[in-house]
Amino acid sequence: MLNTAGAPVVEARDVTVAIGGRPVLRGNDLVVREGEFVALMGANGSGKSTLVRALTGLRPLTQGSVLLFGTPLHDFRARHRIGYVPQRGTATGGVPASVREVVASGRLTRRGLLRPTSRADRAAIADALEVVGLGDKAGDGISTLSGGQQQRVLIARALAGEPDLFFLDEPTAGVDLPNQQALADALRTLSGRGATVVLVAHELGPLEPLVDRAVVMRDGRIAYDGTPLSHEDVHGHHHPVDARHDHVPHVGSPFDTLAHDHREGDR
Amino acid sequence: MSLTELLDLLGHDFMQRALLAALLTGLAAPAIGTFLVQRRLALLGDGIGHVAVTGVALGLLTGTSPTWTAVVVAILGAVLIEVIREQGHTNGDVALALLFYGGLAGGVLITGLAGEGAASLQVYLFGSVTSISATEVWYTAGLAVVVLTLTLGLLPQLFAVASDPEFARVAGLRVRFYNLLVAVLAAVSVTVAMRTVGLLLVSALMVVPVATSQQLARSFRATLLAAMVLGGLAAVGGLVVSAWLSARATVAPGPSIVLLALAMFAATWPVGVWLRRRRRLAEPFPIVAVDAPDSPDAHGVAGHDERAHDHRHDHEHGDDCGHPAVRHGDHVDYVHDGHRHAPHGEHYDEH
Ligand SMILES: Nc1ncnc2c1ncn2[C@@H]1O[C@H](COP(=O)(O)OP(=O)(O)O)[C@@H](O)[C@H]1O
Ligand SMILES: [Mg+2]
Ligand SMILES: [Zn+2]
Ligand SMILES: [Zn+2]
Ligand SMILES: [Zn+2]
Ligand SMILES: [Zn+2]
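Same order as they appear, the protein sequences are chains W and Z.
Residue 1 is where the first sequence starts when you use our numbering, and the numbers rise one by one after that.
Residue 1001 is where the second sequence starts when you use our numbering, and the numbers rise one by one after that.
This is the structure:
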């Protein structure tokens, strides 16, 4: 399933980020090709969000470079080509807003200043809501929706600009199972349309079948990059009988699995 | 005062100028105020108002038009406040307070130096019907039109930046520029409102109509437009009330405008409560609490289905995570759903 033929959409070289003098990302290389569905995984605090923020230009690099669609981030102007769903983004502010208004914000990448919404804008907004299954909620106040539905609205917002590349930061965290299913359906539609997806997730759940490639972070470094790991590989029990088990590769466990006598644990 | 006398008074030139200024103020202040409320900066207008007092005093001292000195100082103050806020200093709060009180104290001091009494400053602090000259009405009108054109014209951009600055940045919007623009427009609105509601009450006209309209509106645009209508009504109505009362006592228009705006809020509040209740009743039952990962006992949610179990490991077991800690040989287990979790690197083993 690994798509090595497509053109590189994201090319990150030696991406290093320090926050307040503390290194958070250390020398990460990552190439994502057109049409790939990449899951960025790893424990809380391993640097997944920071990596995504570095790739979108929200977090300045201490060292290294990022190219999006072959253009250095600094000169990248084709903002309509990327769609971003922030982690734990909140759709509500101090003033009521309708679902349609929030989704329409995502269309600004394709709208000029001081221009009224065109027919194409309205169609894209309606389509984005349709894809996440909230077509009938366009006029509702955003604060009247459940958390899972609000998360889907944020995905629709990213969709409204009709981007080719999506960065989604833990869209399923804290979302109930039916909403996770709806999210998975929306992402399947996007992926089917040829979009490239970089998805941060602690656990994949219903998204698992969509993933072409898994990148696992540990302590600010990419510890594994390759075919998706089964649930057991990442979170299952991999305690070698051997008492020297040193917890190190841990999440990079496929090698671990080969190297050690694998005990399924006491489940 | 009889009705004919009131109508007679309203027919005067100075009164018509004041009414025009009040109407424009009432429209412009809530328009920009809606963005401040959205960004949870409802008191920014108040801070700018305090800083503008120094601007007025500088005008009095130098003999230039206080309107213009106030505009300049208010804009400088607003930009400074925005910069302090953006830098996110931990003591940004205190820095803002220093600016507010410095502005007010500086204004009163400089007014004294200018040899003017408190009365001349009073006109700017609480508004005045009679002090507005014909040229000042034109300044006011021009500034109000600028504020309205930019806020309404850039509404989609300003809304996007105010509701999610990170998303807006990724979408290529110049977030800092728009934030500064809102601060500058707020400063301009403060100066526009200075002649009618006055600098100390201006913030009320930016915020109270918004609080009123959001009781009833569902969308941002509707909230903003309704707030403008309410602000216009309150400003014009309050001015007429103060003119009407002026036969008996000197009442500055500021307090009557603000009290009228508050009365509108009080009148719509029960309606808002009822509407919110009705909407809540119409909602389906939530399946799982949205903020489950943050609550101490999120993992209890779905019994012990294996997947649900793994999905709920979003917190680190620890001293006060709510799960009983049990000593187990060389480590500690946490009792969880009838079995034990032993922290192991990034996950838990079952013991
Ligand atoms: N704004 C910030 N200020 C200080 N530290 C931060 C900030 N953002 C992230 N970090 C630190 O960087 C590390 C990685 O964080 P993050 O990228 O959010 O991890 P993840 O998304 O994998 O949970 C953490 O140790 C976190 O404390
Ligand atoms: Mg994160
Ligand atoms: Zn283990
Ligand atoms: Zn616990
Ligand atoms: Zn368990
Ligand atoms: Zn144990």
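Even glycine gets a Cβ: it sits at the ideal position worked out from N, Cα and C.
Bear in mind that the values here come from a model prediction, so they are computed numbers and not experimental data.
From the DSSP secondary-structure annotation, give me the bridge partner or partners of residue 1331 (chain Z).
Looking at the DSSP assignment, residue 1331 (chain Z) forms a beta bridge with Z:1328.
May I ask you to check if the CB of residue 49 (chain W) is nearer than 6 Å to at least one heavy atom of ligand 2?
yes
Return the chain-ordered ranges of every beta strand (DSSP E) run that is complete within the segment 37–88 of chain W and spans a minimum of 3 residues.
DSSP runs (the beta strand (DSSP E)) wholly in the segment 37–88 of chain W: 37–42, 63–68, 82–85.
Following the continuous alpha helix (DSSP H) through residue 1078 (chain Z), name the residue where it begins and the one where it ends.
In the DSSP assignment, residue 1078 (chain Z) falls within the alpha helix (DSSP H) that extends over 1066–1087.
For residue 326 (chain W), count the other beta carbons within 10 Å of its own beta carbon; 16 or more makes it buried, fewer makes it exposed. Which is it?
Only positions 1 to 267 of chain W appear in this structure, which leaves residue 326 (chain W) out of reach.
Using a Cβ distance threshold of 8 Å, determine whether the segment 1266–1279 of chain Z contacts the segment 1039–1053 of chain Z, with at least three qualifying pairs required.
no
For the alpha helix (DSSP H) that contains residue 140 (chain W), what are its first and last residues?
Here residue 140 (chain W) belongs to no alpha helix (DSSP H), and DSSP marks it neither H nor E.
Quick one: any contact between the segment 133–150 of chain W and the segment 159–166 of chain W, if contact means 3 or more CB pairs under 8 Å?
no
Using a Cβ-Cβ cut-off of less than 7 Å, list which residues of the segment 1157–1175 of chain Z approach chain W; keep chain order.
1157, 1159, 1160, 1162, 1163, 1164, 1166, 1167, 1169, 1170, 1171, 1172, 1173
Give me the chain Z residues within the contact set of residue 101 (chain W), using Cβ-Cβ distance strictly less than 8 Å, ordered along the chain.
1159, 1219, 1220, 1221
Of all the CB atoms in chain Z, is at least one closer than 7 Å to the CB of residue 72 (chain W)?
Chain Z contact via Cβ: absent.
Quick check on residue 1034 (chain Z): buried or exposed, where buried means 16 or more other Cβ atoms within 10 Å of its Cβ?
buried
I want to see whether chain Z comes within less than 7 Å of residue 224 (chain W), judged by CB atoms only; does it?
no
Would you say residue 116 (chain W) lies against chain B (beta-carbon separation less than 7 Å)?
Annotation note: the requested chain B is absent from the structure, which comprises protein chains W and Z.
What's the gap between the Cα of residue 1228 (chain Z) and the Cα of residue 1166 (chain Z)?
When rounded, the distance between both Cα atoms is 28 Å.
Does the beta carbon of residue 181 (chain W) fall short of 6 Å from some heavy atom of ligand 2?
no
Determine, for residue 86 (chain W), whether the minimum Cβ-Cβ distance to residues of chain Z falls below 7 Å.
yes
Under 7 Å between the Cβ atoms of residue 1198 (chain Z) and residue 1254 (chain Z)?
Their beta carbons are under 7 Å apart, which means residue 1198 (chain Z) touches residue 1254 (chain Z) by this criterion.
Thinking C-alpha only, which one of W:123, W:18, W:6 is nearest residue 64 (chain W)?
Among W:123, W:18, W:6, the Cα nearest to that of residue 64 (chain W) is on W:18.
In the structure shown, what three-state DSSP assignment does residue 1132 (chain Z) receive?
coil
Could you say if the segment 118–131 of chain W and the segment 1170–1178 of chain Z meet the contact criterion of at least three C-beta pairs nearer than 8 Å?
no
With distances taken between CB atoms, is the gap from residue 85 (chain W) to residue 153 (chain W) smaller than 7 Å?
no
So with Cβ pairs under 7 Å, would you call residue 79 (chain W) a contact of chain Z?
Cβ-Cβ to chain Z under 7 Å: yes for residue 79 (chain W).
For residue 8 (chain W), which three-state DSSP category applies?
strand
Compute the Euclidean distance between the alpha carbons of residue 1024 (chain Z) and residue 1011 (chain Z), then round it to the nearest angstrom.
19 Å
So residue 1040 (chain Z) contacts chain W; which residues on that side make the cut at Cβ distance below 7 Å?
What residue 1040 (chain Z) touches in chain W: 94.
What are the boundary residues of the alpha helix (DSSP H) that includes residue 1123 (chain Z)?
1118–1126
Assuming residue 25 (chain W) and residue 47 (chain W) are in contact, meaning their beta carbons sit under 8 Å apart, how far apart are those beta carbons, in whole angstroms?
Going by Cβ atoms, the distance from residue 25 (chain W) to residue 47 (chain W) rounds to 5 Å, so yes, they are a contact pair.
Under 7 Å between C-beta atoms, does residue 1336 (chain Z) make it to chain W?
no
Evaluate residue 42 (chain W) with the Cβ neighbour count: other Cβ atoms within 10 Å of its Cβ, from every protein chain shown; 16 or more gives buried, anything less gives exposed.
buried
Quick one: residues in its chain with C-beta nearer than 6 Å to the C-beta of residue 1022 (chain Z), no 5 flanking neighbours on either side, listed in chain order?
1196, 1235, 1236, 1239
Is the Cβ of residue 97 (chain W) closer than 7 Å to any Cβ of chain Z?
yes
Any chance the CB of residue 66 (chain W) is under 6 Å from a heavy atom of ligand 1?
no
Scan the segment 1174–1246 of chain Z and note each continuous beta strand (DSSP E) run of 3 residues or more that stays entirely inside, going in chain order.
none
Residues of chain W with CB under 8 Å from residue 1055 (chain Z), in chain order?
Result: empty, since nearest Cβ-Cβ is about 28 Å, beyond 8 Å.
With distances taken from CA atoms, which of Z:1118, Z:1321, Z:1191, Z:1162 is nearest residue 1180 (chain Z)?
Z:1162
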